[in-house]
Each structure stands twice: as C-alpha cells, then as structure tokens.
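The sequence shown: position 290 = 290 (the UniProt record's numbering), numbered continuously.
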Amino acid sequence: MAVFTVGDYLAERLSQIGILSEIGCANELNCSLAAEGYVRANGVAACIVTYNVGAFSAFNGTGSAYAEYLPLILISGSPNTNDAAQFHQLHHTLGTSDFAYQLQMAEKITCSAVAVGRVQDAPRLIDRAIRAALISKRPAYIEIPTNLSGAPCARPGPISAVVDPIQSDNDSLLAAIDCSAEYLSGKEKLIILVGPKVRRAAADTELLRLAEAIGCAVVVQPAAKGSFPEDHPQYAGIFWGQVSTLAADSILNWTDAIVCVGVAFTALMIAGLDHIFFPGAMFGRVHLRDFLSGLEKMVHRNETTLTEYNRICPDPSLIEASSSMALLTRKEMSRQVQLLLTAETTLFVDTGDSWFNGINMKLPQGTKFEIEMQWGHIGWSIPAGFGYAVAEPQR
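See below:
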C-alpha cells in the first residue's frame, strides 16, 4: 500500500474544494495571474511555485487576488528543515541562511500564511490556510519544506470542517434589518449603488430582489459592472464621476439616500461581505446575502428616483459603422466588439483605455464582465483570461 504523504494531503484537500485542473505556465507571474482568473470563474484556485524566485514573481498575482477579494491559495516549496541550522546557502535565494523572509512577505498580502515545520502540524496548518481563504475571500499562503512534502501524513477528515461557512449572527442580522428598514422609511429619493463585493459575496440574486421590491433606480460602480442586469428597467448606468454613463451621476446626486451594497468606501449605508454600516451603527457577522434577503421583506415601494431617471436619461446612442476605407478608430473597434457579445461571452478589460471602452459596452443578458480595477496590473487580462477559460471552457 502506497504511503500517504503531506503532498497527498494537500492535493486531496485542493481536489475536495473544487480545484480539479492542473495547468503548467511559462513563468510564475503568468501562473499567479492565471490562477487569479481561474478564481473568478471557479470560486477558488491554487498557484504552486518554487521558493524565492518563483514565489516573488507570484506575489504580484497574489497581491491582485488580495485587492480584488479572490481566494487564491499560493503554495511554495522551501528549503529542507535542516538547511538553516547548518548555514547552507542555497541557489535561487537571497544567499542568506535565514529562510523565514518569504513567509514574512507573504503575511502582508494574504489573510493566512503558514509554514509547515513538522509533519504532524501539516494537516492543521493546511486546513487553517484553506479555510481562511474561503471564508475571507482573500488569498492564503502555504509553505512546505522539500524534505517534508513526501513524509508520511495522516489522512484528512471530512471536508465540511474546512468549507462550512460561518453563519450570520441572528440577533445582529435582525437588528441590522430593523434599523435599516426604519432609516430608509423616512427617505423620499432612494437609490441603490452596487459595488464589486456583491459578486464576491454571491449576492447578485438577493440584490436584484431587493431592488425590485423597492422599485428605485440602481447605479453600479465600474468594478461591479455586470452585477446588476443592464437590460433591467431599473438600471441607471455606471457611476464613475465625470465619466459616468447614462446620466448615472445626475440621478445619484439628486437623491437623499444612497444604499451602498458591496462598495469599497464609506457612504450613507454600506453593506460589506460580513458587516453592515449605516449612520450611527455597525452590525458585525452579518452576511450580505442574508441581510439583503431580510431587508427585501421590510422595505416599502419607492419609485421616485426611477421616475426622475426616466425623465432625464439620455436616448440610446446610435453608432454607425465606419466605411471600409476609414481608419480603424477606437470607436469603430468598440462597435465591433459590442457586436461580438452574447450570453456565452465573458468580457475582460485591461488597465488603461480598455476600462473606459469596456464600461461603455452594453452587456446582453448573460454576458459576464471582469475587470481588475483595484490592483490595475497592465497585461493582467491575457493570463487571467487564460485561467478563466480553463475553468469555463464553454464561454
């Protein structure tokens, strides 16, 4: 019977959480960004690299996953457990006998960073890192020494101990819903602003139901494009300051209350991944999906902002095709890309002009949209798109 090892334990846990494909990349930077893209489609990913030279390159994609709220698990080998004590200077390192610095660096860009120093600690540390990534929607780091990866190890217990979510605190949830409903009942011109954390919390459906229960206008931040259907009658464009689309800035500035759902800044009311803020109060351990679902049942119909928006919204723009002899302009390229979008399309927009071009696209029902707006790594879309396609080959 084959010996079950530390490496087997890690591989089995990765399989149990849904990481089923193994793809090699030309370098670690592309590997980390491909894993970041894989998370966007699959919900979790792993990136396996060599110590120092490999991991340092992979820290870029890991930083992206941290900034974008994506549970990417970065796994690195490390020197043998006896190398430091024997003052070995190893190749592909900084040339010191202190090998703790990579773990210390990883701690700054992950929610949990662990280094296995003893075989008996491997199951506990691996499970801790994976669970932290899944719960917090942030990357985690696992470091395993060369001489321990093949060492005999206990088999894993039920995966439920790792993946079962933390439930909302019922008292905090009910209090948040009651206070929010009371606060909103006194507002006349209510609008919903959607942020990128809605998608990370898998709360798109609950958001849609709340919006339809209120009947108000809904505007979306650029990084959240696609989180609310763009063919929905309550959709009022992308809010992005002076480059807002469809007069979203005008209707937002006209309101007297903004329900900010999953946004990344403090406003009148913010619903995050696991906490609710609004003027004068904060409620912890309240999951966004539970909060939106509960609030839907308590709100009153208020179509004031939608009525006003329908009065001021611009007419749809008509873009005519360029002649066959005309220069290939940005406008013409955007027009041609627009024609390619279907329900089976995922549109990746890279940092730079592509952001503005992508934000102005009209997404058909079913079209998905991916942007790396917080991290902003130029060239991200190619390896991330590759990783996404591995997880969603039919798109």
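Quick reminder that beta carbons are idealized off the backbone N, C-alpha and C, glycines included. It should be emphasised that the depicted structure is a prediction, and the values quoted were computed from it without experimental measurement.
Where do the N-terminal and C-terminal ends of the beta strand (DSSP E) with residue i fall, by residue?
{"i": "Cys260", "result": "Ala257 to Val261"}
{"i": "Phe348", "result": "Thr346 to Val349"}
{"i": "Phe369", "result": "Lys368 to Ile371"}
{"i": "Ile238", "result": "Tyr235 to Ile238"}
Residue i to residue j, Cα distance in whole Å?
{"i": "Asn170", "j": "Leu295", "result": "14 Å"}
{"i": "Cys47", "j": "His232", "result": "38 Å"}
{"i": "Val114", "j": "Leu74", "result": "11 Å"}
{"i": "Ala271", "j": "His377", "result": "At Ala271 the pLDDT is 49, less than 50, meaning the model places this residue with poor confidence; the figure from the coordinates comes in the next sentence. If I take the Cα positions, the gap works out to 27 Å."}
{"i": "Ser136", "j": "Ala201", "result": "10 Å"}
{"i": "Val390", "j": "Ile371", "result": "18 Å"}
{"i": "Met269", "j": "Arg199", "result": "The predicted model places Met269 with a pLDDT of 42, which falls under 50 and marks its position as unreliable, so this point remains unresolved."}
{"i": "Val3", "j": "Pro123", "result": "16 Å"}
{"i": "Glu308", "j": "Asp315", "result": "15 Å"}
{"i": "Val218", "j": "Ser97", "result": "57 Å"}
{"i": "Met334", "j": "Leu340", "result": "Residue identity differs from the one stated: residue 334 is Ser in this sequence, not Met. Going by the C-alpha atoms only, they are around 10 Å apart."}
{"i": "Arg311", "j": "Pro229", "result": "20 Å"}
{"i": "Arg40", "j": "Tyr69", "result": "10 Å"}
{"i": "Ser177", "j": "Glu303", "result": "Here residue 177 turns out to be Ile, not Ser, going by the sequence shown. For Ile177 and Glu303, the distance between alpha carbons rounds to 21 Å."}
{"i": "Asp204", "j": "Gly262", "result": "10 Å"}
{"i": "Phe356", "j": "His92", "result": "41 Å"}
{"i": "Val163", "j": "Ala133", "result": "10 Å"}
{"i": "Ser317", "j": "Val116", "result": "59 Å"}
{"i": "Ile359", "j": "Leu72", "result": "26 Å"}
{"i": "Gln394", "j": "Leu125", "result": "36 Å"}
{"i": "Trp380", "j": "Ala264", "result": "21 Å"}
{"i": "Gly43", "j": "Val49", "result": "20 Å"}
{"i": "Gly226", "j": "Cys260", "result": "16 Å"}
{"i": "Met325", "j": "Asp353", "result": "24 Å"}
{"i": "Glu28", "j": "Leu90", "result": "20 Å"}
{"i": "Tyr66", "j": "Gly186", "result": "38 Å"}
{"i": "Ile19", "j": "Leu148", "result": "23 Å"}
{"i": "Gln221", "j": "Glu22", "result": "34 Å"}
{"i": "His88", "j": "Leu173", "result": "55 Å"}
Give me the Cβ distance between residue i and residue j, rounded to the nearest whole Å; I'm assuming they're in contact under 8 Å.
{"i": "Gly237", "j": "Ala223", "result": "Contact doesn't hold; Cβ gap of about 15 Å is too wide."}
{"i": "Ala384", "j": "Pro364", "result": "Actually they do not touch by this definition, with Cβ atoms about 22 Å apart."}
{"i": "Val119", "j": "Ala85", "result": "So it is not a contact: roughly 17 Å between Cβ atoms."}
{"i": "Leu208", "j": "Phe239", "result": "In fact, because the Cβ distance is near 18 Å, the residues do not count as touching under 8 Å."}
{"i": "Asp121", "j": "Phe99", "result": "Not confirmed; about 17 Å, so no contact."}
{"i": "Glu188", "j": "Ser293", "result": "Not a contact, Cβ separation roughly 25 Å."}
{"i": "Val6", "j": "Ile144", "result": "6 Å"}
{"i": "Gly37", "j": "Phe369", "result": "Not confirmed; about 13 Å, so no contact."}
Quick one: what's residue i bridged to in DSSP?
{"i": "Ile275", "result": "What sits at residue 275 in the sequence shown is His, not Ile. Note: His275 sits in a beta bridge opposite Gly284."}
{"i": "Val49", "result": "Ser76"}
{"i": "residue 405", "result": "One cannot answer for residue 405 here, as it falls past the ends of the chain, which runs 1 to 395."}
{"i": "Ile191", "result": "Ala217 and Ile258"}
{"i": "Pro152", "result": "Thr5"}
Counting along the chain, where does the alpha helix (DSSP H) carrying residue i start and finish?
{"i": "Met333", "result": "Arg330 to Leu340"}
{"i": "Val243", "result": "Run containing Val243: none; DSSP gives neither H nor E here."}
{"i": "Ala181", "result": "Asn170 to Ser185"}
{"i": "Phe99", "result": "No alpha helix (DSSP H) contains Phe99, which DSSP labels as neither H nor E."}
{"i": "Val162", "result": "Ser160 to Val163"}
{"i": "Val198", "result": "Lys197 to Arg200"}
{"i": "Asp231", "result": "Unbroken run through Asp231: none, as it is neither H nor E."}
{"i": "Asp83", "result": "Run containing Asp83: none; DSSP gives neither H nor E here."}
{"i": "Ser32", "result": "Glu28 to Asn42"}
{"i": "Glu308", "result": "Thr304 to Ile312"}
{"i": "Arg301", "result": "Here Arg301 belongs to no alpha helix (DSSP H), and DSSP marks it neither H nor E."}
{"i": "Ile382", "result": "Ser381 to Ala391"}
{"i": "Ser317", "result": "Per DSSP, Ser317 belongs to no alpha helix (DSSP H) and is neither H nor E."}
{"i": "Ser354", "result": "Asp353 to Ile359"}
{"i": "Asp127", "result": "Ala122 to Ser136"}
Quick one: does the C-beta of residue i sit closer than 7 Å to a heavy atom of the ligand ATP?
{"i": "Ala236", "result": "Annotation note on the ligand ATP: not contained in the displayed structure, which lists no ligands."}
Closer than 8 Å, CB to CB, is residue i near chain D or not?
{"i": "Gly226", "result": "In the structure shown, chain D cannot be found, because there is only a single protein chain."}
Counting Cβ pairs, one atom from each stretch, are 3 or more of them under 8 Å apart for the region 7-21 and the region 146-161? yes
With a threshold of 8 Å, are at least 3 pairs of Cβ atoms found where one atom belongs to the region 98-113 and the other to the region 55-63? yes
For the region 75-90 against the region 21-35, are there 3 or more C-beta pairs whose distance is under 8 Å? no
Would the region 276-289 and the region 167-181 be scored as touching if the rule is three or more Cβ pairs under 8 Å? The region 276-289, when compared against the region 167-181, does touch it at the 8 Å Cβ threshold.
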